[in-house]
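Inspection log for the structure reproduced underneath, given as structure tokens.
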Amino acid sequence: MITQTQINQILSLRQSGKSTREIAAMMQVSRNSVRKYLQRPYASATKLSFLQEHDAEVRQWFLQCQGHCVPLARKIKEETGTKVHLRTLQRYCKPIRAEVQRTKKQSRYETAAGVQMQIDFGEKDVLLDGRLTRMHFFVAVLSFSRRIFVKAYPAENQSTWLDGLESAFAHFQGVPLTVLSDNSTCLVKDHYRGSRATLRNQYNYFSQYWNFIPVVASPYYPECKGKVERAVRYVKENALVGKEFANLDALNNWLEQW
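Residues in the sequence shown are numbered consecutively from 29, following the numbering used here.
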């Protein structure tokens with residue numbers, strides 16, 4: 029059976045000017061097989077070339093659309109002005125989908141270094157200048173190493189989410205490939221079952237500036253961000269119990285050293 033990668037290679041060779049006989053010899057397949065894939069509707073060299081040239085963006089949008097090709101085709105049209113046939117897109121995304129599925133299976137045990145950071149907010153009453161004050165904590169966890177970054181704020185809003193992310197990048201001295209968040213309205217406009225999440229404009233621009241892929245946890249699969257949820261609980265139960273701080277700066281200095 030010819031794989032999608034081989035099909036893409038056949039189409040690319042045709043686009044470079046190779047004959048059917050030459051392609052068959054180079055790919056070690058029959059000429060009939062070459063003709064079959066060259067004649068199919070999804071074998072549009074122009075569309076395939078476009079997808080190949082925009083492979084990085086297609087992969088990012090594929091993740092944002094949670095692997096659904098209908099909204100992905102719409103996203104490509106919105107972002108680039110190019111209409112790609114759904115069948116062409118489905119064929120192109122088949123190996124990407126398989127790669128994502130393999131990663132999901134592996135991620136139950138471990139995530140590769142530099143691939144993912146999980147983020148969340150928690151809250152807890154803290155003694156601040158002698159008064160019990162409700163504080164909000166931005167928590168970031170590197171999925172591979174389990175390293176934790178925590179920063180306290182007087183409120184949870186879009187500004188503190190983005191400041192927390194920038195502070196985490198500085199603390200970890202790098203930016204991961206993906207950032208996994210929940211469906212906080214500070215970051216996500218809407219997220220319906222079976223569709224991609226619509227990000228808030230500011231978060232979308234922020235992710236493009238820092239060059240990471242924003243991934244939003246499925247409302248029906250919250251377990252996928254279990255590392256950061258456990259980290260939030262760990263911070264509440266270990267970093268703050270029995271502590272008193274003069275002010276917010278003192279609290280954050282403690283969290284940085286803790």
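Glycine residues also receive a C-beta, built at the ideal position from the N, C-alpha and C atoms.
* To do: Count the other CB atoms, across all protein chains shown, that sit within 10 Å of the CB of D277; report buried if there are 16 or more and exposed otherwise.
  => It counts as exposed.
* To do: To the nearest angstrom, report how far apart V154 and T213 are at their CA atoms.
  => Between the alpha carbons of V154 and T213 lies a distance of about 25 Å.
* Residue closest to G254, alpha-carbon to alpha-carbon, out of L79, P242, Q146, S40 -> Comparing Cα positions, the closest option is Q146.
* With K253 as the anchor, note down where its beta strand (DSSP E) starts and where it stops. => Looking at the DSSP string, K253 is not in any beta strand (DSSP E), and its letter there is neither H nor E.
* To do: Determine the burial state of A84: buried for a count of at least 16 other Cβ atoms within 10 Å of its Cβ, exposed for fewer.
  => A84 is exposed by the Cβ-count criterion.
* Would you report the Cα separation of Y65 and G45, rounded to the nearest angstrom? -> Cα to Cα, the separation comes out at about 16 Å.
* **CB contact flag (L283, V169, <8 Å)** => No; because the gap between Cβ atoms is not below 8 Å, this pair is not in contact.
* Using the Cα positions of E77 and P99, report the straight-line distance between them to the nearest angstrom. => Inspection of the sequence shows that residue 77 is occupied by Ser rather than by Glu. S77 and P99 have their C-alpha atoms some 20 Å from each other.
* Count the other CB atoms within 10 Å of the CB of V269; is the residue buried (16 or more) or exposed (fewer)? -> An exposed status is given to V269, since fewer than 16 other beta-carbon atoms sit within 10 Å of its beta-carbon.
* Asked: Among residues of its own chain, excluding the 5 on either side of E151, which ones have a beta-carbon nearer than 8 Å to its beta-carbon?
  -> Closer than 8 Å at the Cβ level, and outside the excluded window around E151, lie R162, M163, H164, F165, E184.
* Which residues share a DSSP beta bridge with V244? -> When DSSP reads this structure, V244 sits in a beta bridge with S209.
* To do: Sort Y233, V143, V167, N239 by Cα distance to K264 and report the nearest one.
  => Among Y233, V143, V167, N239, the Cα nearest to that of K264 belongs to V167.
* Asked: Where F197 and W189 are concerned, what is the direct C-alpha to C-alpha distance, given to the nearest angstrom?
  -> Each residue's CA atom was taken as its position, placing F197 and W189 some 13 Å apart.
* Asked: In its own chain, which residues sit with a C-beta less than 6 Å from the C-beta of I35, not counting the 5 before and 5 after it?
  -> Beyond the five residues adjoining it in sequence on each side, I35 comes within less than 6 Å, by CB distance, of Y65 in the same chain, given in chain order.
* To do: Under 8 Å by Cβ, that's how I've got A101 and L114 pegged, so tell me the actual separation to the nearest angstrom.
  => Indeed, because the Cβ distance is near 6 Å, the residues count as touching under 8 Å.
* Asked: Name the DSSP bridge partner or partners of V178?
  -> According to DSSP, which records beta bridges pairwise, V178 is partnered with V167.
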